[in-house]
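Asker: Before I ask anything, let me first share the structure, which is written out below as structure tokens.
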Amino acid sequence: MEKEAKKIFIIEDDADITYGLESQFEAADFEVEVATGDEEIEELMETIRDFEPDYIILDLILPKVDGFDIIKKIKEDGELNDKEIFIFTDLSDEDGRARSLEIGADYVFFKEEFDTFEFAEKVKKIIANQEKVSSREDDEEEGGE
38 MEKEAKKIFI
48 IEDDADITYG
58 LESQFEAADF
68 EVEVATGDEE
78 IEELMETIRD
88 FEPDYIILDL
98 ILPKVDGFDI
108 IKKIKEDGEL
118 NDKEIFIFTD
128 LSDEDGRARS
138 LEIGADYVFF
148 KEEFDTFEFA
158 EKVKKIIANQ
168 EKVSSREDDE
178 EEGGE
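Residue numbering for the sequence shown follows our numbering, starting at 38 and increasing by one per position.
Below you can see the structure in the form of structure tokens.
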């Protein structure tokens with residue numbers, strides 16, 4: 038049986054970054070959906086819910102919606118609150134990092150520290166490590182507790 042592709046939803050308004058991330062993740066067999074943050078938050082939430090992503094990559098500074106509000110909405114949503122959120126942003130201050138993590142983001146990366154390739158590699162490595170741990174836990178559970 039073929040393993041179902043992991044889904045990743047990218048919310049980013051910079052077309053170059055979006056294209057770079059999209060091609061990186063598609064090359065790694067992820068199913069990718071993108072949004073520019075140029076829609077109302079409820080419309081964006083509906084799109085995310087419809088896509089049912091495993092992971093979300095989010096820029097905090099978007100044209101119409103505030104990234105912090107998106108994190109809060111995701112974490113308040115019964116269907117989405119368990120999705121991991123990776124922040125990739127220009128807002129490179131420790132206050133922004135702390136606030137993102139405090140309201141529910143799982144990882145925060147600053148664009149000034151990584152190019153899109155390095156960032157995508159980091160995200161893929163984190164996901165692969167989680168899957169290893171998860172599959173080990175599944176094996177242990179099958180072995181009896």
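Where a beta carbon is used, it is the ideal one built from N, C-alpha and C, also for glycine.
Bear in mind the structure is a predicted one, so any value in this text is a computation, not a measurement.
Which first and last residues belong to the alpha helix (DSSP H) in which alanine 72 is found?
Answerer: Counting along the chain, alanine 72 falls outside any alpha helix (DSSP H), though it belongs to the beta strand (DSSP E) covering 68-72.
Asker: Would alanine 135 and phenylalanine 123 qualify as a contact pair, given that the criterion is a beta-carbon distance under 9 Å?
Answerer: Contact flag unset, no.
Asker: Going by beta carbon distance, what residues of the same chain come within less than 8 Å of threonine 55, once the five residues before and after it are set aside?
Answerer: So the qualifying residues of the chain are Ile47, Glu49, Val71 and Thr73.
Asker: Less than 9 Å separating the beta-carbons of alanine 157 and alanine 52?
Answerer: It is not a contact, given that the beta carbons lie outside the stated cut-off.
Asker: Within 10 angstroms of its Cβ, does lysine 162 collect 16 or more other Cβ (buried), or is it exposed?
Answerer: With fewer than 16 other Cβ atoms within 10 Å, it is exposed.
Asker: Give me the Cα-Cα distance between aspartate 75 and aspartate 103, rounded to the nearest whole angstrom.
Answerer: Cα-Cα distance, rounded: 11 Å.
Asker: Taking C-beta to C-beta, are phenylalanine 147 and serine 129 nearer than 9 Å?
Answerer: Yes, the pair counts as a contact, with Cβ atoms nearer than the cut-off.
Asker: Entirely within the region 113-153 and at least 3 residues each: give me those beta strand (DSSP E) ranges in chain order.
Answerer: With a minimum length of 3 residues, the continuous beta strand (DSSP E) runs that stay inside the region 113-153 are 121-126 and 144-147.
Asker: Out of Phe125, Lys44 and Glu63, point me to the one whose CA is closest to threonine 153's CA.
Answerer: It is Phe125.
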